[in-house]
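Participant:
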Amino acid sequence: MARPDLPQAFVTTPISHRALHGQKANCPENSRAAIRAAMDAGYGIEIDLQLAADGRAMVFHDDVLDRLTAQTGPVRNRSAAELGAIALRNGDGEGIPTFAEVLETVAGRVPLLVEIKDQDGAMGADVGALERAAIADLAGYDGPVALMSFNPHSVAELARLAPDLPRGLTTSAYDPAVWTALDAPLCDRLREIADFDRVGASFISHEAGDVARPRVQALRQAGVPILSWTIRSPAQEAEVRRHADNITFEGYLSPLPG
Numbered sequence: 001m002a003r004p005d006l007p008q009a010f011v012t013t014p015i016s017h018r019a020l021h022g023q024k025a026n027c028p029e030n031s032r033a034a035i036r037a038a039m040d041a042g043y044g045i046e047i048d049l050q051l052a053a054d055g056r057a058m059v060f061h062d063d064v065l066d067r068l069t070a071q072t073g074p075v076r077n078r079s080a081a082e083l084g085a086i087a088l089r090n091g092d093g094e095g096i097p098t099f100a101e102v103l104e105t106v107a108g109r110v111p112l113l114v115e116i117k118d119q120d121g122a123m124g125a126d127v128g129a130l131e132r133a134a135i136a137d138l139a140g141y142d143g144p145v146a147l148m149s150f151n152p153h154s155v156a157e158l159a160r161l162a163p164d165l166p167r168g169l170t171t172s173a174y175d176p177a178v179w180t181a182l183d184a185p186l187c188d189r190l191r192e193i194a195d196f197d198r199v200g201a202s203f204i205s206h207e208a209g210d211v212a213r214p215r216v217q218a219l220r221q222a223g224v225p226i227l228s229w230t231i232r233s234p235a236q237e238a239e240v241r242r243h244a245d246n247i248t249f250e251g252y253l254s255p256l257p258g
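Numbering (the UniProt record's numbering) for the sequence shown: 1 to 258.
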């Protein structure tokens with residue numbers, strides 16, 4: 001399967017995790033305020049997508065509302081309009097944005113790394129609705145953008161829907177004690193990034209504490225761009241950059257290229 005090239009901006013510009021949140025008041029993760037802050041500072045932006053009840057792609061990390069808002073229950077049970085009216089915690093009252101709105105705001109100014117969240121929690125093959133919504137919103141978008149997911153089935157669906165868009169696998173050490181919804185054989189397969197060629201991935205974004213893994217470094221030696229998540233200090237960044245081409249960071253300000 002053909003692999004679209006990952007734009008060079010994704011390996012030269014540090015990427016703010018869930019946008020540049022928490023560096024000032026009223027700037028929660030995946031919010032309009034955090035997206036504007038990242039653009040103003042010149043950073044790339046990583047965001048997450050979940051699916052609304054009416055099929056719209058929403059910029060939100062969790063599959064439930066409880067942690068990030070004063071509401072409870074699954075995101076997928078609310079319409080885009082309902083989600084847009086739910087205020088984010090630690091914000092200025094703004095609600096959950098649609099992906100389409102974020103694309104209009106970013107407008108190609110900085111690299112945009114988009115994670116399609118796994119919709120069943122078990123890396124299953126029942127994918128398509130969120131991927132279709134994301135690709136529909138991206139129609140005509142002009143700017144550096146790349147899509148990724150932990151779920152290889154999702155990345156394969158992205159390849160089918162939009163073969164020219166760069167796509168990658170979000171990858172991890174897949175410790176079964178952490179990934180309790182997955183059985184050990186599936187953890188083993190995902191840990192070894194066995195689906196990389198099958199899905200035509202252009203890059204991986206790998207867990208910081210595991211980035212020196214031989215499989216990851218073999219991909220890097222083969223010319224595959226390696227991103228790494230989530231970097232939380234300058235010291236950790238210095239260590240991870242020995243093994244990765246770029247980082248996704250939060251909680252501090254990563255140095256921008258000169």
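Idealized CB from N, CA, C, for every residue including glycine.
Using CA atoms only, rank isn't needed, just tell me which of T230, T171, G108 is closest to I15.
Facilitator: T230
Participant: State the DSSP-derived secondary structure class of D48, mapped to helix, strand or coil.
Facilitator: strand
Participant: Please state if the CB of N30 and the CB of H61 are separated by a distance shorter than 8 Å.
Facilitator: yes
Participant: If you drop the 5 nearest sequence neighbours on each side, which residues of the same chain put their C-beta closer than 6 Å to that of N246?
Facilitator: V11, L227
Participant: For P225, which residues from the same chain have a beta carbon less than 6 Å from its beta carbon, with the 5 sequence-adjacent residues on both sides left out?
Facilitator: L6, V11, F203, D245
Participant: Quick check on the burial criterion: 16 or more other C-beta atoms within 10 angstroms. Buried or exposed for M123?
Facilitator: buried
Participant: When you compare each of T180, L186, D195, S172 to G209 by their alpha carbons, which one comes out closest?
Facilitator: The residue among T180, L186, D195, S172 with its C-alpha nearest the C-alpha of G209 is S172.
Participant: Would you mind sorting K117 into buried or exposed? The rule is 16 or more other CB atoms within 10 Å of its CB.
Facilitator: buried
Participant: Provide the residue span of the beta strand (DSSP E) that contains residue 276, from first to last.
Facilitator: The question about residue 276 has no answer here: the residues shown for the chain are numbered 1 through 258.
Participant: Three-state secondary structure (DSSP) at R242?
Facilitator: coil
Participant: Taking the alpha carbon of P257 as the point to measure from, which residue in A85, Y43, S149, T248 has its own alpha carbon closest?
Facilitator: Y43
Participant: Using only the alpha-carbon positions, how far apart do S205 and G168 sit?
Facilitator: 7 Å
Participant: Could you tell me the alpha carbon to alpha carbon distance between G200 and A2, rounded to whole angstroms?
Facilitator: Rounded to whole angstroms, G200 to A2 spans 6 Å at the Cα level.
Participant: State the beta-bridge partners of L227 as determined by DSSP.
Facilitator: S205, N246
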